[in-house]
Amino acid sequence: MPRKKQRRTGDYANCRSDFVNDRLSEPTDSAARANHRPPWHLPEQLAGYAIATVFFTLTGPFETYAMSLPLRLSYWAGAVAAGWLSVTGAIALIRRLPFTTGWTRMQRTLTGMAAGALLAVFAVWAFDTVFDRALGRGTGSAPLYLMALNVGAISALIGGIFLIRLRPRLIEPAPLPKANPFLARLPRALGQDLISLTAQDHYVEVVTAKGRELILMRFSDALEELSNYPGTRIHRSHWISAHAFAGHFRDNDRLMARLTDGSALPVSRSYAALVRRMKPVENRDSP
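Its first residue numbered 1, the sequence shown is counted upward by one per residue in UniProt numbering.
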């Protein structure tokens, strides 16, 4: 006897699913905007450079306080620039080395800061030597170890302040969940609010909140693709979504699962205990 012709949709593997637009909305407050900036935000870098320059200029370490204010400002503007470029350059280099590809952003940044701090001491010392010679005062007047202590302490202070501010931006974002391959098979008109799946020969009948359709695939393959979707198998031929479970009841001697669309599906004995433990969703109007 010929089978009644059923509507078949074929395999919708190439159809794009109707996902919610996941574009991040623009932050509305200053703190949120700050956390959305790139890790090395140029205005913040310039502000840090200015703070360090003013600090050294006003404190005048390494006998630079004896200089006139314009000369002292010029000296520390150049010295801090040399140190700052050393640190940022080291961080940029560390981030591009092949063996650091598996590191987190925080690990690469801290390693770059440590390496850059060592380079900064020598860079500042070299600048001090060139500056003194340009003024006809011979070589740099400050011992290297003393300059290392001073520059290191100030760099650690300013670096710590900026690291606290940058920390939220250095945390690796959580990986985006992969698109569910089964949902990608569904036509857009069917939506993605699954209610149940039922095996029918070589097809799977998919029921959603917007309707039902036949998908050409094995039932076992459908369940495998839905392994991360909230739901459970209740019968050798039936699967239900956890979001669509409205409770259970007995029809004569058979346990039935009631669904939010008003339908009911049989529960086999091997899945009966699982269904009895399931928590029904809040009652909502049936379509």
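We put the CB at the ideal spot given by N, CA and C, even for glycine.
_Per-residue DSSP class, three states only, for H202_ = In the sequence shown, counting from the first residue as 1, residue 202 sits at position 202. In the structure shown, H202 sits in coil (DSSP, three-state: anything other than H, G, I, E or B).
*Measure from the alpha carbon of A222 to the alpha carbon of each residue in S263, R258, N180, then state which is nearest.*
Position 222 of the sequence shown, counted from the start, is the residue given in the question as residue 222. With distances taken between Cα atoms, A222 lies closest to N180.
*Go through its chain and collect everything with a Cβ distance to R95's Cβ below 6 Å, but skip five positions before and after it.*
Sequence index remark: in the sequence shown, residue 95 carries index 95 (1-based). Residues R108 of the same chain have their beta carbon placed closer than 6 Å to that of R95, with the five preceding and five following residues left out of the count.
*Rounded to whole angstroms, how far is the Cβ of A52 from the Cβ of V80, which I believe are closer than 8 Å?*
Against the sequence shown, residue 52 aligns to sequence position 52. Against the sequence shown, residue 80 aligns to sequence position 80. Yes, they are in contact, since the Cβ atoms of A52 and V80 sit about 5 Å apart, within 8 Å.
*With DSSP run on the structure shown, which of helix, strand or coil describes L176?*
Stepping through the sequence shown from its first residue, residue 176 is reached at position 176. Unreliable placement is indicated for L176, whose pLDDT of 47 sits below 50; the coordinate value is still reported in the next sentence. Of the three classes helix, strand and coil, the one that applies to L176 here is coil, per DSSP.
*Sub-7 Å separation of I195 and S241 beta-carbons*: Walking along the sequence shown from the start, residue 195 turns up at place 195. Walking along the sequence shown from the start, residue 241 turns up at place 241. Yes, the pair counts as a contact, with Cβ atoms nearer than the cut-off.
*asked:* Quick check: the Cα distance between Y271 and W239, rounded to an integer number of angstroms?
replied: Counted from its first residue, the sequence shown places residue 271 at position 271. Counted from its first residue, the sequence shown places residue 239 at position 239. In this structure, the straight-line span from the alpha carbon of Y271 to that of W239 is close to 11 Å.
*Measure the Cβ-Cβ separation of H248 and V275 and say whether it is below 7 Å.*
Counted from its first residue, the sequence shown places residue 248 at position 248. Counted from its first residue, the sequence shown places residue 275 at position 275. Going by C-beta atoms, H248 is nearer than 7 Å to V275.
*Hey, out of L42, T111, K279, whose CA is closest to T260's CA?*
For this step, residue 260 is matched to residue 260 along the sequence shown. The shortest C-alpha separation from T260 is found at K279.
*Is P98 helix, strand or coil when you go by DSSP?*
Translated into the one-based positions of the sequence shown, residue 98 becomes position 98. Looking at P98 - three-state DSSP - the assignment turns out to be helix.
*Is it right to say A82 is buried, meaning 16 or more other beta carbons lie within 10 angstroms of its own, or is it exposed?*
Here the question's residue 82 lines up with position 82 in the sequence shown. The residue in question, A82, is buried, as its Cβ has 16 or more Cβ neighbours within 10 Å.
*Could you spell out where the alpha helix (DSSP H) holding F245 opens and where it closes?*
Indexing the sequence shown from 1 puts residue 245 at position 245. For F245, no alpha helix (DSSP H) encloses it; the enclosing beta strand (DSSP E) starts and ends at 245–251.
_For a quick check, are the C-beta atoms of L190 and E213 less than 7 Å apart?_
In the sequence shown, counting from the first residue as 1, residue 190 sits at position 190. In the sequence shown, counting from the first residue as 1, residue 213 sits at position 213. Result yes, Cβ atoms of L190 and E213 sit closer than 7 Å.
*asked:* According to DSSP, is R23 part of a helix, a strand, or is it coil?
replied: For the purposes of this step, residue 23 is taken as the residue at position 23 of the sequence shown. The predicted position of R23 is uncertain, since its pLDDT is 33 and thus under 50; no value can be drawn from it.
*Helix, strand or coil: which one does DSSP assign to S263?*
Along the sequence shown, read from residue 1 onward, the residue named residue 263 stands at position 263. In this structure, S263 counts as coil in the three-state DSSP scheme.
*Residue range of the beta strand (DSSP E) that S241 falls in?*
Numbered from its first residue, the sequence shown carries residue 241 at position 241. Unbroken beta strand (DSSP E) run through S241: 238–241.
*Local conformation of E225 per DSSP, three classes*: For this step, residue 225 is matched to residue 225 along the sequence shown. Note: E225 maps to helix in three-state DSSP.
*Helix, strand or coil at T53 [DSSP, three-state]*: Locating residue 53 in the sequence shown gives position 53, where the first residue counts as 1. Helix.
*Assign F99 to one of two classes, buried (16 or more other C-beta atoms within 10 Å of its C-beta) or exposed (fewer than that).*
Position 99 of the sequence shown, counted from the start, is the residue given in the question as residue 99. Flag for F99 reads exposed.
*Take the Cβ of L183 as the centre, count every other Cβ of all protein chains shown within 10 Å, and call the residue buried at 16 or more, exposed below.*
Taking the first residue of the sequence shown as 1, we reach residue 183 at position 183. In this structure L183 is buried. Its beta-carbon is surrounded by 16 or more other beta-carbon atoms within 10 angstroms.
*asked:* Quick check: the Cα distance between R250 and T232, rounded to an integer number of angstroms?
replied: Sequence index remark: in the sequence shown, residue 250 carries index 250 (1-based). Sequence index remark: in the sequence shown, residue 232 carries index 232 (1-based). Straight-line Cα distance between these residues: approximately 19 Å.
*Ordered along the chain, which non-local residues of its own chain (more than five positions away) have a Cβ less than 6 Å from that of T111?*
Against the sequence shown, residue 111 aligns to sequence position 111. Scanning its chain for C-beta atoms nearer than 6 Å, with the 5 sequence neighbours on each side dropped, one finds around T111 the residues I94, in chain order.
*Residues bridged to M256 by DSSP?*
Indexing the sequence shown from 1 puts residue 256 at position 256. Beta-bridge partners assigned by DSSP to M256: F249, P266.
_Suppose contacts are defined by Cβ-Cβ distances below 7 Å. Is W84 in contact with Y49 by that definition?_
On the sequence shown, position 84 is the one that residue 84 refers to. On the sequence shown, position 49 is the one that residue 49 refers to. The answer is yes: Cβ separation under 7 Å.
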